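Structural data, given as structure tokens:
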């Protein structure tokens with residue numbers, strides 16, 4: 001790998017490890033110091049390597065520099081705490097901390113997982129959790145995060161700043177939650193990972209590379225949970241399975257002009273067989289235990305979508321899975337998808353009756369669905385619904401697709 | 412928004428259905444519940460299978476336990492679901508879709524659920 005590619009590559013893979021270990025060592029409240037040291041380490045590499053050449057083991061070099069910088073920091077910090085603070089206040093004297101920094105693979109792995117739990121602490125707002133996860137666990141730049149959220153750097157900086165304040169206020173620790181808490185805390189971690197994935201999969205950002213990157217990062221974080229005995233629950237495996245199935249359609253869902261191709265129009269030859277296989281594997285791993293989570297149901301739905309043949313069995317199964325999913329947790333999108341499955345399993349007339357009851361009048365996808373159902377049954381109604389959807393649509397991809405629909409219906 | 416229990420009653424619990432018939436009923440019931448859930452009006456449900464069913468009754472001042480709701484009792488409860496509805500009329504509309512009603516003599520009873528607010532409104 002060339003030098004100009006090597007440093008950004010190492011930044012992506014090593015920054016999060018250094019920062020997790022250091023934050024854990026210093027305490028989560030000193031995360032900014034950990035971030036400074038991690039960034040400084042890469043700045044030092046960027047200065048030194050062009051002049052002195054790339055070291056034989058670049059990762060070990062980075063760790064050494066980070067360890068030295070961290071030791072200096074701890075030394076200064078201990079002088080400050082033990083010599084300065086006692087003289088200016090009644091502050092208790094702290095034991096000088098051990099200056100060992102443990103960058104062993106085991107501690108790196110544990111620290112990253114524990115960091116995941118700390119970032120996904122219930123007291124931190126969801127949007128800030130995703131921002132922190134992208135910054136600290138995925139090594140994203142502030143400008144990349146801003147792009148992903150379609151906002152500016154200032155907003156992201158403010159969001160991260162407030163999240164860090166929260167960490168200090170709540171005294172959140174970087175540690176594994178206790179056995180009694182693990183399910184509830186894991187639930188929050190999975191929610192954030194799935195939001196991160198959806199941000200990439202459904203965002204209206206035009207940057208396809210960045211969007212894929214978000215999805216793969218979410219899958220990587222989930223894989224870390226699957227690889228750890230303590231956190232590899234059926235639910236975690238189900239979420240990973242679900243993301244693999246969705247990701248298998250990456251290449252098929254956009255055309256050369258970056259326009260969205262809907263499921264029905266996709267070329268199954270472009271679906272990634274390896275990811276479909278992985279999805280099936282993790283779905284199998286998820287079938288232990290007796291808890292049926294929404295991720296299990298969504299993964300099973302995604303599994304049926306990897307079969308392109310339009311069989312009665314396919315849509316009947318999808319319909320039943322949506323019936324179960326909606327009982328567990330209502331969402332407008334699940335209600336719409338269920339109605340679509342109903343039209344495939346039981347016919348359009350039946351689905352129209354049920355769709356009219358949903359009354360999601362402010363939802364563009366509701367009108368797109370009604371438009372779709374009314375085609376060849378009442379084309380005037382179909383056109384009217386597609387027009388309403390067009391008025392509500394925000395993304396260019398959605399608008400383009402609606403224009404195409406209208407064009408095919410209007411004489 | 413009020414909550415209502417929809418209680419499904421079968422006229423004759425002694426009839427044994429074939430596994431195929433059971434599967435069709437199950438799917439129909441799931442479709443019915445799914446349709447309510449898609450409107451965000453489903454609260455919860457409890458199926459009441461006949462396996463391991465017992466009836467405890469009093470006879471000559473002592474408690475008698477018999478197997479199943481069968482035998483002397485003509486009507487049995489097959490299950491119940493709880494829904495959210497603006498009015499009893501909306502709850503009745505949900506009840507009308509219940510597949511249990513395909514059987515002659517079966518019924519769905521619609522009952523408002525008492526709010527846990529100290530005022531018993533039954």
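Residue numbers (my numbering), protein chains in the order written: chain A, 1 to 411; chain B, 412 to 533.
Think of the CB as a built atom: it goes at the ideal place given N, C-alpha and C, for glycine as much as any other residue.
Here the structure is a predicted model, which is why all the values come from computation and not from measurement.
Legend entry - residue 110 of chain A, buried or exposed, once every other Cβ within 10 Å from all chains shown has been counted against 16: Residue numbering aside, residue 110 of chain A sits at position 110 when the first chain is read from its first letter. By the neighbour-count rule (16 or more Cβ atoms within 10 Å), residue 110 of chain A is buried.
Legend entry - CB contact below 8 Å: residue 335 of chain A versus chain B: Start at 1 with the first residue of the first chain, and residue 335 of chain A comes out as number 335. It does; some Cβ of chain B falls within 8 Å.
Inset, instruction - Measure the C-alpha to C-alpha separation of residue 7 of chain A and residue 29 of chain A and round it to an integer number of angstroms. - result: By 1-based counting over the first chain, the position of residue 7 of chain A is 7. By 1-based counting over the first chain, the position of residue 29 of chain A is 29. Spanning the two alpha carbons is a distance of roughly 28 Å.
Legend entry - Alpha-carbon to alpha-carbon, residue 218 of chain A and residue 194 of chain A: Working through the first chain from its first residue, we reach residue 194 of chain A at position 194. Working through the first chain from its first residue, we reach residue 218 of chain A at position 218. Computed Cα separation, rounded: 7 Å.
Inset, instruction - Check the C-beta distance from residue 438 of chain B over to residue 208 of chain A and give it rounded, since I have them as a contact under 8 Å. - result: The sequence position of residue 438 of chain B within the second chain is 27, counting from 1. The sequence position of residue 208 of chain A within the first chain is 208, counting from 1. Residue 208 of chain A and residue 438 of chain B do not touch by the CB rule: their CB atoms are close to 40 Å apart, not below 8 Å.
Legend entry - residue 523 of chain B: first and last residue of the uninterrupted beta strand (DSSP E) it sits in: Your numbering for residue 523 of chain B matches position 112 in the second chain. Per DSSP, residue 523 of chain B belongs to the beta strand (DSSP E) from 518-523.
Legend entry - Alpha-carbon to alpha-carbon, residue 279 of chain A and residue 403 of chain A: Here residue 403 of chain A refers to the residue found at position 403 when the first chain is read from its first residue. Here residue 279 of chain A refers to the residue found at position 279 when the first chain is read from its first residue. Distance from the CA of residue 403 of chain A to the CA of residue 279 of chain A, rounded to the nearest whole angstrom, comes to 34 Å.
Legend entry - Span of the alpha helix (DSSP H) around residue 157 of chain A: Position 157 of the first chain, counted from the start, is the residue given in the question as residue 157 of chain A. Annotation for residue 157 of chain A: the continuous alpha helix (DSSP H) segment containing it runs 153-170.
Legend entry - Helix, strand or coil at residue 458 of chain B [DSSP, three-state]: Position 47 of the second chain, counting from 1, holds the residue named residue 458 of chain B. In the three-state reduction of the DSSP assignment, residue 458 of chain B falls in the strand class, which pools E and B.
Legend entry - Distance, residue 474 of chain B Cα to residue 236 of chain A Cα: Indexing the first chain from 1 puts residue 236 of chain A at position 236. Indexing the second chain from 1 puts residue 474 of chain B at position 63. The alpha-carbon atoms of residue 236 of chain A and residue 474 of chain B are separated by roughly 49 Å.
Legend entry - Residues near residue 24 of chain A by beta carbon distance below 6 Å, same chain, minus five either side: Residue mapping note: residue 24 of chain A aligns to position 24 of the first chain, counting from 1. The residues are 111, 174.
Legend entry - Residues that residue 505 of chain B contacts on chain A, provided the C-beta gap is smaller than 8 Å: Numbered from its first residue, the second chain carries residue 505 of chain B at position 94. Residues of chain A whose Cβ lies closer than 8 Å to the Cβ of residue 505 of chain B do not exist, since the nearest Cβ in that chain is about 10 Å away.
Inset, instruction - List the residues of chain B whose Cβ lies closer than 8 Å to the Cβ of residue 358 of chain A, in chain order. - result: The residue labelled residue 358 of chain A in the question sits at position 358 within the first chain. Neighbours of residue 358 of chain A on chain B, chain order: 449, 450.
Legend entry - Proximity of residue 139 of chain A and residue 163 of chain A at Cβ, strictly below 8 Å: As a working note, residue 139 of chain A is residue 139 in the first chain. As a working note, residue 163 of chain A is residue 163 in the first chain. Result no, Cβ atoms of residue 139 of chain A and residue 163 of chain A do not sit closer than 8 Å.
Inset, instruction - Would you verify that the beta carbon of residue 330 of chain A is, or is not, closer than 8 Å to some beta carbon of chain B? - result: Locating residue 330 of chain A in the first chain gives position 330, counting from the first residue. Residue 330 of chain A belongs to the set of residues whose beta carbon lies under 8 Å from a beta carbon in chain B.
Inset, instruction - Pick helix, strand or coil for residue 498 of chain B, following the three-state DSSP scheme. - result: On the second chain, residue 498 of chain B is found 87 positions in, with the first residue counted as 1. In the structure shown, residue 498 of chain B adopts coil according to DSSP, grouped into three states.
Legend entry - Selection of the stretch 415-442 of chain B by Cβ proximity to chain A, strictly under 7 Å: Correct list: 438, 441, 442.
Inset, instruction - Consult DSSP for residue 414 of chain B and reduce its assignment to one of helix, strand or coil. - result: Position 3 of the second chain holds residue 414 of chain B. Correct three-state label for residue 414 of chain B: strand.
Inset, instruction - Grab me the residues of residue 455 of chain B's own chain with a C-beta within less than 8 Å of its C-beta, minus the 5 sequence neighbours each way, in chain order. - result: Position 44 of the second chain holds residue 455 of chain B. Closer than 8 Å at Cβ, skipping near neighbours: 492, 493.
Legend entry - Unbroken beta strand (DSSP E) run spanning residue 470 of chain B, endpoints: The residue labelled residue 470 of chain B in the question sits at position 59 within the second chain. Residues 465-470.
Legend entry - chain B contact residues for residue 339 of chain A, given Cβ-Cβ distances below 8 Å: As a working mapping, residue 339 of chain A is identified with position 339 in the first chain. Identification of chain B residues near residue 339 of chain A by a Cβ-Cβ cut-off of 8 Å yields 449, ordered along the chain.
Legend entry - Residue-chain proximity (residue 327 of chain A, chain B), Cβ-Cβ < 8 Å: For this step, residue 327 of chain A is matched to residue 327 along the first chain. True, the Cβ-Cβ gap to chain B drops below 8 Å.
Inset, instruction - Would you give the residue range spanned by the alpha helix (DSSP H) that residue 440 of chain B belongs to? - result: By one-based count along the second chain, residue 440 of chain B stands at place 29. It spans 430-448 - the alpha helix (DSSP H) in which residue 440 of chain B sits, taken as one unbroken run.
Inset, instruction - Decide if the stretch 230-248 of chain A is in contact with the stretch 291-303 of chain A; the criterion is three or more beta carbon pairs, one per stretch, under 8 Å apart. - result: Yes, they touch.
Inset, instruction - Buried or exposed for residue 351 of chain A, please, with buried defined as at least 16 other CB atoms from any protein chain shown within 10 angstroms of its CB. - result: Looking up residue 351 of chain A in the first chain gives position 351. Residue environment for residue 351 of chain A: buried (at least 16 other C-beta atoms within 10 angstroms of its C-beta).
Inset, instruction - Name, please, each residue of chain B whose Cβ falls closer than 7 Å to the Cβ of residue 322 of chain A. - result: What you label residue 322 of chain A is simply residue 322 of the first chain in a count that begins at 1. Correct list: 445.
Inset, instruction - Please confirm if residue 453 of chain B has its CB atom under 8 Å from at least one CB of chain A. - result: Locating residue 453 of chain B in the second chain gives position 42, where the first residue counts as 1. With 8 Å as the cut-off, residue 453 of chain B counts as an interface residue toward chain A.
Inset, instruction - Tell me, to the nearest whole angstrom, how far the beta carbon of residue 33 of chain A is from that of residue 73 of chain A; I am working on the premise that it is less than 8 Å. - result: The residue you call residue 33 of chain A lines up with position 33 of the first chain. The residue you call residue 73 of chain A lines up with position 73 of the first chain. Your pair residue 33 of chain A and residue 73 of chain A checks out as a contact, with CB atoms roughly 6 Å apart and the cut at 8 Å.
Inset, instruction - Report yes or no: is there a C-beta of chain B within less than 8 Å of the C-beta of residue 372 of chain A? - result: The count along the first chain starts at 1 and reaches residue 372 of chain A at position 372. Taking CB atoms only, residue 372 of chain A has no neighbour in chain B less than 8 Å away.
Inset, instruction - Would you grab the beta carbon distance between residue 19 of chain A and residue 43 of chain A for me? Rounded to a whole angstrom, and I think it's under 8 Å. - result: Along the first chain, read from residue 1 onward, the residue named residue 19 of chain A stands at position 19. Along the first chain, read from residue 1 onward, the residue named residue 43 of chain A stands at position 43. At roughly 14 Å, the Cβ-Cβ gap does not stay under 8 Å, so residue 19 of chain A and residue 43 of chain A are not in contact.
Inset, instruction - Look at residue 245 of chain A and residue 302 of chain A and say whether their C-beta atoms are less than 8 Å apart. - result: Residue mapping note: residue 245 of chain A aligns to position 245 of the first chain, counting from 1. Residue mapping note: residue 302 of chain A aligns to position 302 of the first chain, counting from 1. Closer than 8 Å, so yes.
Legend entry - Buried or exposed by the 16-neighbour rule on C-beta atoms within 10 Å, applied to residue 269 of chain A: Counted from its first residue, the first chain places residue 269 of chain A at position 269. So residue 269 of chain A ends up on the exposed side.
Inset, instruction - Report yes or no: do three or more beta-carbon pairs, one from the stretch 359-367 of chain A and one from the stretch 376-391 of chain A, lie closer than 8 Å? - result: Segments in contact, yes.
Legend entry - Nearest residue (CA-CA) to residue 397 of chain A, options A:258, A:406, A:372: As a first step, residue 397 of chain A is located in the first chain; it is residue number 397 there, counting from the start. Nearest of A:258, A:406, A:372 to residue 397 of chain A, Cα basis: A:258.
Legend entry - C-beta neighbour in chain B for residue 213 of chain A, strict 8 Å: As a working mapping, residue 213 of chain A is identified with position 213 in the first chain. At a cut-off of 8 Å between C-beta atoms, residue 213 of chain A does not count as an interface residue with respect to chain B.
Legend entry - Three CB pairs or more closer than 8 Å across the stretch 463-472 of chain B and the stretch 503-517 of chain B: Counting Cβ pairs under 8 Å, fewer than three are found: no touch.
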